[in-house]
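Written below as structure tokens is the structure these notes are about.
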Amino acid sequence: MKEFLKKHIYILLGTVCIAVMGFLFIVNPSRPAARVGGEVLVPQPQHQPQPEEATAYVVIHILGEVYEPGVYTLPASARVADAVEMAGGYTREADLTRINLAVPLRDAMQIIVPAVGDYTVVGQGESGIASANPTQTNSDIIDLNAASLAQLQSLPGIGPARAQSIIDYRESIGGFTQIEELLNISGIGNAIFNGLKELITVR
248 MKEFLKKHIY ILLGTVCIAV MGFLFIVNPS RPAARVGGEV LVPQPQHQPQ PEEATAYVVI
308 HILGEVYEPG VYTLPASARV ADAVEMAGGY TREADLTRIN LAVPLRDAMQ IIVPAVGDYT
368 VVGQGESGIA SANPTQTNSD IIDLNAASLA QLQSLPGIGP ARAQSIIDYR ESIGGFTQIE
428 ELLNISGIGN AIFNGLKELI TVR
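Numbers given in this note's numbering equal positions in the sequence shown, counted from 1, plus 247.
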């Protein structure tokens, strides 16, 4: 028996190695085995951590015919419609035909949702932004105590209903004594007042 083993030892060792390699190939054929110095080496997968995907945000300012005007932070993929929704939605006086709700947001973007009949707020092409008319001059400043319904509606953020409320309030108190009294009227908050205070006076 010893003589038999001595004569056939290399054949037996080769058979064992071939059997081991065949077994490894069957178990994991995608990882080819390598034989080095009589040992069978199987390459191990290396874990490569994936970088975390950062979410970008933009900060925008929205005012005009929305229920909660102010400064909001939204995902960079958001649209003007998302900003309007974040601000509580648009009021019944909003003129949605003059603002593009599908425009993507940009950082530091200002959005003014205009009122129906308020043409001192103009759309800026495809930008989705609306702003006060830059051609307004001192001669166009409106006297709150003498302005007609149409003149009041020319102010940014003032539609037919708010213009009528201004006249009703003016008549009930006997005339404005200072422009800040506009804040006493329902529907006129700081955002709207700040957008028109340079365009009005009290005489």
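Every residue, glycine too, gets a C-beta built ideally from N, C-alpha and C.
All of these numbers come straight from a predicted model, not from anything done at the bench.
Check your understanding: Touching or not, the stretch 396-416 and the stretch 438-449, by the rule of three or more beta carbon pairs under 8 Å?
Key -> As far as the Cβ criterion goes, the stretch 396-416 touches the stretch 438-449, which means the pair count is three or higher.
**Study point:** is_contact[Ile447, chain C] using C-beta, thresh 9 Å
**Key:** No chain C is present in this structure, which holds just one protein chain.
Exercise for review: Inspect the beta-carbon positions of Ala341 and Glu312 and report whether they are closer than 9 Å.
Suggested key: Contact annotation: Ala341 and Glu312 have beta-carbon atoms nearer than 9 Å.
Review point. Is it right to say Leu310 is buried, meaning 16 or more other beta carbons lie within 10 angstroms of its own, or is it exposed?
Key: Buried, since its Cβ has 16 or more Cβ neighbours within 10 Å.
Review point. Going by Cα to Cα distance, which pick from Asn441, Glu427 and Ala362 is closest to Arg339?
Key: Of the candidates Asn441, Glu427 and Ala362, the one whose C-alpha sits nearest the C-alpha of Arg339 is Ala362.
Check your understanding: With DSSP run on the structure shown, which of helix, strand or coil describes Val306?
Key -> Strand.
Check your understanding: Between Pro381 and the rest of its own chain, which residues show a CB-CB distance below 8 Å, the 5 nearest in sequence each way excluded?
Key -> Low local confidence applies: a pLDDT of 37 at Pro381 is under 50, so the model's placement there is unreliable, with the coordinate-based value given in what follows. Result list for Pro381: empty, nothing under 8 Å.
Practice item. List the whole-angstrom C-beta distance separating Leu352 from Ala334, where the pair is believed to meet the contact cut-off of C-beta under 8 Å. Key: Contact flag wrong, Cβ pair sits at about 12 Å.
**Study point:** Chain-order list of residues whose beta-carbon lies under 6 Å from that of Ile439 (same chain, five-residue window excluded)
**Key:** Excluding positions up to five away in sequence, the list reads Gly404.
Review point. Run through DSSP, which three-state label would Gln425 get?
Key: Coil.
Exercise for review: Report the rounded CA-to-CA distance for Gly370 versus Val306, giving the unit in angstroms.
Suggested key: Bear in mind that a pLDDT of 43 at Gly370, under 50, signals an unreliable position, so the model cannot answer this.
Check your understanding: Among the residues of its own chain, which have a CB less than 8 Å from the CB of Ile265, if the five just before and after it don't count?
Key -> Around Ile265: no qualifying Cβ.
Practice item. Below 8 Å CB to CB, which residues in the same chain sit around Tyr304 once its five sequence neighbours on both sides are set aside? Key: The beta carbon of Tyr304 is closer than 8 Å to those of Thr320, Leu321, Pro322 and Ala323 in its chain, skipping five residues each way along the sequence.
Check your understanding: According to DSSP, is Leu443 helix, strand or coil?
Key -> Helix at Leu443.
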